[in-house]
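Working notes for the structure below.
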Amino acid sequence: MPPVQGLQWIPFPPPPELYQGPLPSPLTLAHGDPSYAFELLDLLEPTYVMKKHGYLTQQLTDAELDEKRRCRYCNLTVAQLTKHLQRTLDHRHAHPIPSPPCQAYRPLPSMQTPLGNGYYDVHLCMVPCNFHPGSVNGATKCYDCCGQHVSESKPCATSEQHVLREYEAGKLHRMYQFHPTPPIYHESKENRHIRQAVAIDCEMGTAETGESELIRLSAIDYFTGEVLINNLVKTDQPLRHLNTRYSGVTWGQLNHALRNKRTLIGKAGARDALWRFVGPQTVIVGHGVNNDLRALRWIHTCVVDSYMVEHKIVQARKAFEAATEANMAMTTQQATQQLSVLAPPPATGHKTGSLTPHGQAPTTGLGEPKKQKKPKGCGDLALKTLLKKYLDRDIQMQGNKGHDSLEDAVAARDLVHWMVMRRLQQTYDGTMN
Numbered sequence: 001m002p003p004v005q006g007l008q009w010i011p012f013p014p015p016p017e018l019y020q021g022p023l024p025s026p027l028t029l030a031h032g033d034p035s036y037a038f039e040l041l042d043l044l045e046p047t048y049v050m051k052k053h054g055y056l057t058q059q060l061t062d063a064e065l066d067e068k069r070r071c072r073y074c075n076l077t078v079a080q081l082t083k084h085l086q087r088t089l090d091h092r093h094a095h096p097i098p099s100p101p102c103q104a105y106r107p108l109p110s111m112q113t114p115l116g117n118g119y120y121d122v123h124l125c126m127v128p129c130n131f132h133p134g135s136v137n138g139a140t141k142c143y144d145c146c147g148q149h150v151s152e153s154k155p156c157a158t159s160e161q162h163v164l165r166e167y168e169a170g171k172l173h174r175m176y177q178f179h180p181t182p183p184i185y186h187e188s189k190e191n192r193h194i195r196q197a198v199a200i201d202c203e204m205g206t207a208e209t210g211e212s213e214l215i216r217l218s219a220i221d222y223f224t225g226e227v228l229i230n231n232l233v234k235t236d237q238p239l240r241h242l243n244t245r246y247s248g249v250t251w252g253q254l255n256h257a258l259r260n261k262r263t264l265i266g267k268a269g270a271r272d273a274l275w276r277f278v279g280p281q282t283v284i285v286g287h288g289v290n291n292d293l294r295a296l297r298w299i300h301t302c303v304v305d306s307y308m309v310e311h312k313i314v315q316a317r318k319a320f321e322a323a324t325e326a327n328m329a330m331t332t333q334q335a336t337q338q339l340s341v342l343a344p345p346p347a348t349g350h351k352t353g354s355l356t357p358h359g360q361a362p363t364t365g366l367g368e369p370k371k372q373k374k375p376k377g378c379g380d381l382a383l384k385t386l387l388k389k390y391l392d393r394d395i396q397m398q399g400n401k402g403h404d405s406l407e408d409a410v411a412a413r414d415l416v417h418w419m420v421m422r423r424l425q426q427t428y429d430g431t432m433n
């Protein structure tokens, strides 16, 4: 069906892939309950708070898009290459001679920007070009220059000069620009079916450029549990690997979906699929939603993020504990000062020192074992951790087989539902006391 003048047409996506696990159930005592809706909307955060958590609330400027250009060899962006450059130049200008023992500053690396017809513009940068001069063997996924595997290799060559990629007109905009949720001009039975709230989750692979690339999108109706989207994505850029250990997506699954034309077509196709169900006022629910929105190149500020909700509670608790500890320390200090006035002077002639109960001087802590780094996705604010803590439910139990974006979308929905019900219970308890 072609676009109709004055109306907004969103293309039909392929149907959702069948889910192997239990289907999400509808929420009880929620849909249509004004007090529930009030508490859900009260979990929304203003844009300045969202920005602190990495949300993008405005489209990128031309200058910001220009900083997305990458070196053709090491794949670093202009933004990464020039970070702290101006501060370094200002410091060297203010202090022409470095501090001893250095006699001269190290020359800064440079980057060449192609201007066409073999001409280049040269600018200084901060980071040398570390890269692999060889290509990747398609069968072994190893570099032929050093034999290292692509997933764990360190660059084996270095240059003090970067060469930026050439981009055709409009390509940076197509690749990196963010797009706000379109307004609802028209809603028809065949086109947009806007929901009050939608829970989402994305899985990402790694493109050949080293960037995260959207490879799967899942979305459910927050209230009814209806599976709206559960599809793999035909990527906009060639992939280096699928991060199967985390994404749960295999090459076999992706190739099968591509052959059967059941994928969403790029990030634009994924956004279009969502916009069939999402309007500007639709509440998007998830955990760490800023990562999903960035993967989709999508601007949406009506978001309930269970990570942000729990982070706010944790920060408030830490502030309260710090204030309590400070008050106790002040009280102890005042009591000590009062006792020192009344106590007799200490006896002299005895060497004082800080000893442990066993008569040994305390250690400096240099020999203490380092804290072990927690596995990815297992931090105190991780979805898996919070779901076990509050709902006593296990997710992401497939080990190296990775996550399931639909399972995670349902888990985030259920976690936010629990958070809303907790607030309702606290309100009820407050009115009863």
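For what it's worth, the UniProt record's numbering labels the leading residue of the sequence shown as 1, then goes sequentially.
Beta carbons are placed, not taken as given, at the ideal position from N, Cα and C, and that holds for glycine.
Computed from a predicted model, the values in this text were never measured in an experiment.
query	result
State the DSSP-derived secondary structure class of Pro15, mapped to helix, strand or coil.	coil
State the Cα-Cα distance for the pair Glu19 and Asn230, rounded to the nearest angstrom.	According to the sequence displayed, residue 19 carries Tyr and not Glu. Their backbone Cα atoms lie some 8 Å apart in a straight line.
Are there 16 or more other CB atoms within 10 angstroms of the CB of Ala326, so buried, or fewer, so exposed?	exposed
Grouping DSSP H, G and I as helix and E and B as strand, with all else coil, what is Gly269?	helix
Quick one, are the C-beta atoms of Asp201 and Asp292 less than 8 Å apart?	yes
Given a threshold of 16 other Cβ atoms within 10 Å of its Cβ, counted over all protein chains shown, does Trp251 qualify as buried or as exposed?	exposed
If the criterion is Cβ atoms closer than 8 Å, does the pair Thr209 and Arg70 meet it?	yes
Just to check my reading of the structure: Leu164 and Gln112 have Cβ atoms closer than 8 Å, yes? What is that Cβ distance to the nearest angstrom?	7 Å
Quick check on Asp414: buried or exposed, where buried means 16 or more other Cβ atoms within 10 Å of its Cβ?	buried
Using a 10 Å radius around the Cβ and a threshold of 16 neighbouring Cβ atoms, would you call Gln131 buried or exposed?	Correcting the residue type first, residue 131 is Phe in the shown sequence and not Gln. Buried, because 16 or more other Cβ atoms sit within 10 Å of the Cβ of Phe131.
Taking the alpha-carbon positions, what's the Asp90 to Ala79 distance?	18 Å
Is the number of C-beta pairs between the stretch 267-277 and the stretch 209-219 that are closer than 8 Å three or more?	yes
Count the C-beta pairs between the stretch 120-139 and the stretch 171-185 that are closer than 8 Å, then say yes if the count reaches three, no if not.	no
Between Lys51 and Pro101, what straight-line distance do the alpha-carbon atoms span, to the nearest angstrom?	43 Å
Mapping the DSSP letters down to three states, classify Pro34 as helix, strand or coil.	helix
What does the alpha-carbon distance come out to for the pair Phe178 and Pro155?	31 Å
From which residue to which residue does the beta strand (DSSP E) around Ser218 run?	212-221
With distances taken between CB atoms, is the gap from Thr61 to Thr301 smaller than 8 Å?	no
If Gln196 sits next to Val122, beta carbons under 8 Å apart, how far is it from one beta carbon to the other, in whole angstroms?	Incorrect: roughly 54 Å between the Cβ atoms, too far for contact.
Once the 5 residues before and after Asp305 are set aside, which same chain residues still bring their CB inside 6 Å of it?	Val289
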